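Enquirer: Here's a structure for you.
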Amino acid sequence: MEKRLPIEVRWHGRGGQGVVTASRILASAALKGGYYLQSLPDFGAERSGAPIAAYTRISETPPIDRGPVYEPDAVIVLDASLIGQVDVETGLVPDGTIIVNTPDPISSSLRKLNLAPGQQLWTVDASQIALALIKRNIPNTPILGAFARCVPVLDIDTMAHALEELMSETFPPHIVEANLKALQQGHDHATKIKVEVVHNV
Amino acid sequence: MTTTQKPSIKLPAPQAINGGEAVAFAMRQIDPEVVAAYPITPQTFIIEKFSEYAADGLVNSEYINVESEHAAMSACVGATAAGGRSQTATSGPGLALMYEMLWVASGMRLPIVMHLCSRSFSAPLNILCDHSDVMGMRESSWPMLIGASPQEAYDQAVVMPTIAEHKNVLLPVANVLDGFTVTHSVERVEVLPDKVVKEFAGEYEPDVWALQPGSTATFGTLDANDFYFEHKRQQVEAMKNSLEVVRTQLNAFAEISGRQMNLVEEYLLDDAEVALVVLGSSEGMVRAAIDKARADGIKVGMLRVRLFRPFPVADVRKALEGIGSVGVLDRAIAFGTPGNGLLQDIATCTRTMPNRPLLMDFVYGLGGRATPKQLFRQAIDQVLNMNETRVEPDEPAYLGLK
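Top to bottom, those sequences are chains A and B.
Be aware that the first sequence starts at 110, since it is given in the numbering used here, and climbs by one per residue.
Be aware that the second sequence starts at 3, since it is given in the numbering used here, and climbs by one per residue.
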């Protein structure tokens, strides 16, 4: 694995999509990878459907910042309808990566993204994968799989291991199994989109 | 916090848990006879997790989900007076509702442990972190330790009962962790084996207790103008005694964990000309601002006060010796007073120093307002300016106010 640490990730989604859980699974995977980690929700009253954010930090030394991530190395958007409503790309570093859950790589939402040429855009239809495998639109685990592919810090096996351990505490084996499959499919189906293509459509 | 030599015991795997869960983890290991609490944000995880432990039979504790925080502390008072170990957890408004019983607990000299997850006071309604609640209980005769990370929340939670129950102390104690920034922050937490924590915490063995057969002791009785004054004077001694007990117990904890905590934590103070003084989890961002300022050639350091009550006067004086100017970071407003809480403490303890540092106060982070390192850098620049002009402002500066 190519290491580029420390790394700061900002998650955007809506209450109920598993944003905080996904951030936590990523942090647990970082622990398994032997790193220091931090996962924290953006603090507000959490309501189903409301825009929410969470932050993950992975580093080789203990974290000192316990505030919001202002300059993320990666941004993960679990709900494309937030684009244009929330400035999801704000502060993304010049060579940063943004991953969006969408069925349509050239959708109108993506065109609202204000990205620089050095920034990478990936899409994955995480909702479809979740609906097919988990039978609910909780796109967090497929998009974690996509993250493992797009941001080479932690490999998919470490991610799977962390997911299995964390979910087994509260979910029956068949749900955990479905999520593991969703993780793998998210990884396999992530697609890199040329930023210029999005802007020219 | 510095890391000393690693202990030789085999350690469990580090956990990826948040500050609240880390405290609950320590509570499970200590297994107090009674835990009574009323759920409130952001102490959320402590009681959620501990009640799970109780429901799963992982602890022997009697877990009482009471009807209010006043009742929570009352239940702890009753349980500990009856000879049992008791703990609770709360935040901001919950602490306010408990206020009467805080004084009952300390006045009855009952070694209760409370985990206080700091939160602002309403109104306007706000569930996020500041130190209004911390300042609200500072005179209630509870020794208070303020940690800065989930790791420290765990470490302090392990040490707390041994401070409270020490024969020279016998006071309730508060383990303070910042709401959300520590309670909800999932981080790598090194935990100790259950057996090691149980041995360290020992058993609560009171000399007298309410349900002691044949005892003539009485608890919480009327104490009018005959001996009330003397009892309060004794509390002064108990608070004084607790300072060295805290030091000793933090050192003893370092022996078993390899993690040294101190009454005050210093950062780059040795050659510093100016300094910032801070409580709690903002220390990380302050250190980041200091690193940046140091790179620009500014000789600045930080003092973090861990033992907030009793205030470690000698340690603070020693740390600030030779510093020209100090900025004090207050995360709560003491309305109408000549200085906010931490400034009052620092001003009082530095006033007799031969070359006392000049002081200025900064209010920051109220109601969870994020304070990035650039704002602390502004504070450093203002303190430097005061160090040049030698004029101390009467009014505090407000960092990050819109």
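Quick reminder that beta carbons are idealized off the backbone N, C-alpha and C, glycines included.
Note that this is a predicted model, so its numbers are computed, not measured.
With a threshold of 9 Å between beta-carbons, can R190/B be considered close to chain A, or not?
Expert: As a working note, residue 190/B is residue 188 in the second sequence. Cβ-Cβ to chain A under 9 Å: yes for R190/B.
Enquirer: In three-state DSSP terms, what is L114/A?
Expert: Walking along the first sequence from the start, residue 114/A turns up at place 5. Residue state, collapsed to three classes: coil.
Enquirer: Is V184/B helix, strand or coil when you go by DSSP?
Expert: Taking the first residue of the second sequence as 1, we reach residue 184/B at position 182. Coil, per DSSP.
Enquirer: Chain B partners of A358/A, CB-CB under 7 Å?
Expert: With chain A represented from 110 up to 310, any question about residue 358/A goes unanswered, as that position is not in the structure.
Enquirer: So who's on the other strand from C351/B, going by DSSP bridges?
Expert: Stepping through the second sequence from its first residue, residue 351/B is reached at position 349. Bridge partners of C351/B: none, in fact.
Enquirer: CB P177/A to CB A162/A, shorter than 9 Å?
Expert: Residue 177/A sits at position 68 when you count from the first residue of the first sequence. Residue 162/A sits at position 53 when you count from the first residue of the first sequence. It is a contact, given that the beta carbons lie within the stated cut-off.
Enquirer: Nearest by alpha-carbon distance to R249/B: which of K294/B, T164/B, Q384/B is it?
Expert: Numbered from its first residue, the second sequence carries residue 249/B at position 247. Considering only alpha carbons, the answer is T164/B.
Enquirer: Identify the residues that DSSP records as bridge partners of Y269/B: which are they?
Expert: Along the second sequence, read from residue 1 onward, the residue named residue 269/B stands at position 267. According to DSSP, Y269/B bridges with M304/B.
Enquirer: Any C-beta of chain B sitting closer than 9 Å to the C-beta of Q312/A?
Expert: Residue 312/A is absent from the model: chain A starts at 110 and stops at 310.
Enquirer: For the beta strand (DSSP E) containing E64/B, list its first residue and its last residue.
Expert: Mapped onto the second sequence, residue 64/B falls at position 62. Unbroken beta strand (DSSP E) run through E64/B: 64-67.
Enquirer: Can you have a look at S217/B and say buried or exposed, based on whether 16 or more other CB atoms are within 10 angstroms of its CB?
Expert: Locating residue 217/B in the second sequence gives position 215, counting from the first residue. Label assigned to S217/B: exposed.
Enquirer: Would you decide whether D317/B is buried or exposed? Buried here means 16 or more other CB atoms lie within 10 Å of its CB.
Expert: Reading the second sequence from its first residue, position 315 is the one you call residue 317/B. Label assigned to D317/B: buried.
Enquirer: Could you compute how far the alpha carbon of Q376/B sits from the alpha carbon of I292/B?
Expert: The residue given as residue 376/B occupies position 374 in the second sequence. The residue given as residue 292/B occupies position 290 in the second sequence. One C-alpha to the other measures close to 10 Å.
Enquirer: Look up V328/B in the DSSP assignment and say whether it is helix, strand or coil.
Expert: Locating residue 328/B in the second sequence gives position 326, counting from the first residue. It is a strand residue.
Enquirer: Exposed or buried, what is G324/B when buried is set at 16 or more other beta-carbons lying within 10 Å of its beta-carbon?
Expert: The residue given as residue 324/B occupies position 322 in the second sequence. Under this definition G324/B is an exposed residue.
Enquirer: In the DSSP assignment, what are the bridge partners of D363/B?
Expert: Taking the second sequence and counting its residues from 1, one reaches residue 363/B at position 361. Paired residues: V330/B.
Enquirer: Short check: CB of A235/A to CB of A291/A, under 9 Å?
Expert: Sequence index remark: in the first sequence, residue 235/A carries index 126 (1-based). Sequence index remark: in the first sequence, residue 291/A carries index 182 (1-based). Closer than 9 Å, so yes.
Enquirer: Measure the C-alpha to C-alpha separation of G143/A and L253/A and round it to an integer number of angstroms.
Expert: As a first step, residue 143/A is located in the first sequence; it is residue number 34 there, counting from the start. As a first step, residue 253/A is located in the first sequence; it is residue number 144 there, counting from the start. When rounded, the distance between both Cα atoms is 19 Å.
Enquirer: Would you report the Cα separation of A24/B and V188/B, rounded to the nearest angstrom?
Expert: Counting from one through the second sequence, the residue named residue 24/B turns up at place 22. Counting from one through the second sequence, the residue named residue 188/B turns up at place 186. Approximately 9 Å, taken between the alpha carbons.
Enquirer: What is the C-beta distance between V184/A and V197/A, in whole angstroms, given that I count them as a contact (C-beta under 8 Å)?
Expert: Stepping through the first sequence from its first residue, residue 184/A is reached at position 75. Stepping through the first sequence from its first residue, residue 197/A is reached at position 88. With 8 Å as the limit, V184/A and V197/A qualify as a contact, their Cβ atoms being about 6 Å apart.
Enquirer: Could you check whether the Cβ of V128/A sits closer than 9 Å to any Cβ belonging to chain B?
Expert: Taking the first residue of the first sequence as 1, we reach residue 128/A at position 19. Not an interface residue.
Enquirer: Does DSSP put S151/B in a helix, a strand or coil?
Expert: Locating residue 151/B in the second sequence gives position 149, where the first residue counts as 1. DSSP places S151/B in coil when its eight states are reduced to three.
Enquirer: With Q126/A and D188/A assumed to form a contact (beta carbons below 8 Å), what rounded beta-carbon distance in angstroms separates them?
Expert: Taking the first residue of the first sequence as position 1, residue 126/A is located at position 17. Taking the first residue of the first sequence as position 1, residue 188/A is located at position 79. About 6 Å separates the two Cβ atoms, so the contact holds.
Enquirer: Measure from the alpha carbon of P34/B to the alpha carbon of each residue in N20/B, A18/B, F52/B, then state which is nearest.
Expert: What you label residue 34/B is simply residue 32 of the second sequence in a count that begins at 1. Answer by Cα proximity: F52/B.
Enquirer: Could you tell me which residues DSSP puts in a beta bridge with C131/B?
Expert: Working through the second sequence from its first residue, we reach residue 131/B at position 129. BP columns for C131/B are empty, so no partner.
Enquirer: Would the region 123-130 of chain B count as touching the region 192-202 of chain B if we require 3 or more Cβ pairs under 8 Å?
Expert: With the cut-off at 8 Å, the region 123-130 of chain B and the region 192-202 of chain B do not touch.
Enquirer: Specify, as a first and last residue, the run of the alpha helix (DSSP H) that R319/B falls within.
Expert: Your numbering for residue 319/B matches position 317 in the second sequence. It spans 315-322 - the alpha helix (DSSP H) in which R319/B sits, taken as one unbroken run.
Enquirer: Name the residues in the region 350-378 of chain B whose C-beta lies less than 9 Å from a C-beta of chain A; which are they?
Expert: From the region 350-378 of chain B, only G370, A372, T373, P374, K375 have a Cβ closer than 9 Å to chain A.
Enquirer: Measuring straight from C-alpha to C-alpha, what distance separates L321/A and V209/A?
Expert: Here chain A has residues from 110 to 310 only, and residue 321/A is not among them.
Enquirer: Along the region 281-295 of chain B, what residues have a CB closer than 7 Å to any CB found in chain A?
Expert: Listed in sequence order: S283, G286, M287, R289, A290.
Enquirer: Out of T92/B, L278/B, V276/B, V171/B, state which residue places its alpha-carbon closest to the alpha-carbon of A240/B.
Expert: Along the second sequence, one-based indexing puts residue 240/B at 238. The shortest C-alpha separation from A240/B is found at V171/B.
Enquirer: Restricting to Cα atoms, I'd like to know which of S93/B, E246/B, G109/B, A73/B is closest to F182/B.
Expert: Mapped onto the second sequence, residue 182/B falls at position 180. Closest option to F182/B, Cα to Cα, is S93/B.
Enquirer: Take every Cβ of the region 346-364 of chain B, pair it with every Cβ of the region 103-120 of chain B, and state whether three or more of those distances are shorter than 8 Å.
Expert: Counting Cβ pairs under 8 Å, fewer than three are found: no touch.
Enquirer: Which first and last residues belong to the alpha helix (DSSP H) in which K169/B is found?
Expert: Mapped onto the second sequence, residue 169/B falls at position 167. Careful: K169/B lies outside any alpha helix (DSSP H) and carries neither H nor E.
Enquirer: Verify the CB distance criterion: does R113/A have a CB-CB separation below 9 Å to chain B?
Expert: Here residue 113/A refers to the residue found at position 4 when the first sequence is read from its first residue. No - not a single Cβ of chain B is within 9 Å of the one on R113/A.
Enquirer: Going along chain B, which residues have a C-beta under 8 Å from P177/A?
Expert: By 1-based counting over the first sequence, the position of residue 177/A is 68. Those within 8 Å of P177/A in chain B are A372.
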